[in-house]
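Colleague: Counting in this note's numbering, the final residue of the sequence shown is number 1003, and the numbers go up one at a time with none missing. Where a beta carbon is used, it is the ideal one built from N, C-alpha and C, also for glycine. Provided herewith is a single structure, encoded as structure tokens, for subsequent inquiry.
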Amino acid sequence: MGNDIVDLRAPGACGKACDARFVQRVLTVEERHELLRSESPDTLLWAFWAAKETAYKAVSKIYPDLSSAPGRFYVMFDSPKPGGLSGHMDGRVKTPGATARIRVFFHENHVHCIGTTAARNGLNEISWGVRAISPGGKNKHPHVCESAFVRKFAKERIARHTGRHGNDIRIQRDNMAQGLGPPIVYFNGKKADLDISLSHDNRFVAFAFFATGSIFTTPSIVTDS
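Have a look at this one:
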């Protein structure tokens, strides 16, 4: 399982669809054609990017040696994209390792994607949340640590849905041969039956988690904005 968020107002995000070199590097031929036809090219570009990042995070948990080159990932949405790119759209991302199901949420200031290698309805079993780092969507305080903020945010939601105390929950990335691995949730020092993904970009942080076992005491769907 994976997730990714892009702040559409971040420095360098606006107008990036006009950067031909970048677009050619990260998008497939088919995706570039869709971008040319889009009424919201910047938003669509970052939706493609978030979908590819999400798929990489999900599939690389199965195939640790998977290439992260975005041009090798192909995003296919299930339905025609509306002109304003509002609401959400489901789709698939084909990677060199496996195919991930994805759901992209469109907002005025950001796009957020969740995804899984599980069956199609697995998307509906993912708990996720998005939060602005500072009130009002203004620039965050320079001393805010995005990684610490999103871990605290995710721990609050996990505690709420499992009935556990926040102090019993730890989220960490362990050292692996390729470097730091994906985040893992521990309950009282024991690895939990829970798949988690964390992301942050400029003013926003986001999490997504999926219970692989029956650990929830309350419904597991939560969204914040």
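Check whether the Cβ atoms of N781 and T832 sit closer than 8 Å, and answer yes or no.
Modeller: Residue numbering aside, residue 781 sits at position 3 when the sequence shown is read from its first letter. Residue numbering aside, residue 832 sits at position 54 when the sequence shown is read from its first letter. Yes; because the gap between Cβ atoms is below 8 Å, this pair is in contact.
Colleague: So which of I783, A847, F931 and G967 has the shortest CA-CA distance to V801?
Modeller: As a first step, residue 801 is located in the sequence shown; it is residue number 23 there, counting from the start. If we check each option's Cα against that of V801, A847 comes out closest.
Colleague: Pick helix, strand or coil for H1030, following the three-state DSSP scheme.
Modeller: The question about residue 1030 has no answer here: the residues shown for the chain are numbered 779 through 1003.
Colleague: Apart from the five residues just before and just after G915, which ones in its own chain have a Cβ nearer than 7 Å to its Cβ?
Modeller: Along the sequence shown, one-based indexing puts residue 915 at 137. Only weak support is given to the placement of G915: the predicted model assigns it a pLDDT of 46, under 50, and the value that follows is read from those uncertain coordinates. Cβ within range, chain order: N887 and R981.
Colleague: Give the secondary structure of P844 by DSSP, where H, G and I count as helix, E and B as strand, and everything else as coil.
Modeller: Residue 844 sits at position 66 when you count from the first residue of the sequence shown. The sequence shown places Leu at residue 844, rather than the Pro named in the question. If DSSP states are grouped into helix, strand and coil, L844 belongs with coil.
Colleague: Can you tell me whether H921 is helix, strand or coil according to DSSP?
Modeller: Residue mapping note: residue 921 aligns to position 143 of the sequence shown, counting from 1. Reliability of the predicted coordinates at H921 is poor, the pLDDT of 47 falling under 50, and the value obtained from them is presented with this limitation in mind. Note: H921 maps to coil in three-state DSSP.
Colleague: DSSP state of K930, grouped into three classes?
Modeller: Position 152 of the sequence shown, counting from 1, holds the residue named residue 930. In the structure shown, K930 sits in a helix (DSSP, three-state: H, G or I).
Colleague: Near A876, which residues of its chain fall below 8 Å by C-beta distance, leaving aside the five closest residues on each side in sequence?
Modeller: What you label residue 876 is simply residue 98 of the sequence shown in a count that begins at 1. So the list reads V837, I840, Y841 and T895, once near-sequence residues are dropped.
Colleague: So, is A791 buried or exposed, given that buried needs 16 or more other C-beta atoms within 10 angstroms?
Modeller: Reading the sequence shown from its first residue, position 13 is the one you call residue 791. Its Cβ being crowded by 16 or more others within 10 Å, A791 is buried.
Colleague: Near H921, which residues of its chain fall below 6 Å by C-beta distance, leaving aside the five closest residues on each side in sequence?
Modeller: Residue 921 sits at position 143 when you count from the first residue of the sequence shown. Its pLDDT being 47, under 50, H921 is placed unreliably by the model, and nothing is read from it.
Colleague: Rounded to a whole number of angstroms, what is the C-alpha to C-alpha distance between Y852 and F884?
Modeller: Within the sequence shown, numbered from 1, the residue matching residue 852 stands at position 74. Within the sequence shown, numbered from 1, the residue matching residue 884 stands at position 106. In a straight line, the C-alpha of Y852 is about 19 Å away from that of F884.
Colleague: Quick one: grab the DSSP three-state call for G944.
Modeller: Taking the first residue of the sequence shown as position 1, residue 944 is located at position 166. G944 falls in the helix class under three-state DSSP.
Colleague: With which residues is K968 paired in a DSSP beta bridge?
Modeller: Counting from one through the sequence shown, the residue named residue 968 turns up at place 190. Bridge partners of K968: F965.
Colleague: Return the CA-CA distance between D785 and G941, expressed in angstroms with no decimal places.
Modeller: Indexing the sequence shown from 1 puts residue 785 at position 7. Indexing the sequence shown from 1 puts residue 941 at position 163. About 32 Å.
Colleague: Assign T996 to one of three DSSP states: helix, strand, or coil.
Modeller: Numbered from its first residue, the sequence shown carries residue 996 at position 218. Reliability of the predicted coordinates at T996 is poor, the pLDDT of 39 falling under 50, and no value is obtained from them.
Colleague: Taking DSSP as the reference, what is the three-state secondary structure of L786?
Modeller: By one-based count along the sequence shown, residue 786 stands at place 8. L786: coil per DSSP, three-state reduction.
Colleague: What separation, rounded to the nearest whole angstrom, lies between the Cα atoms of I904 and G893?
Modeller: By one-based count along the sequence shown, residue 904 stands at place 126. By one-based count along the sequence shown, residue 893 stands at place 115. C-alpha separation (whole angstroms): 8 Å.
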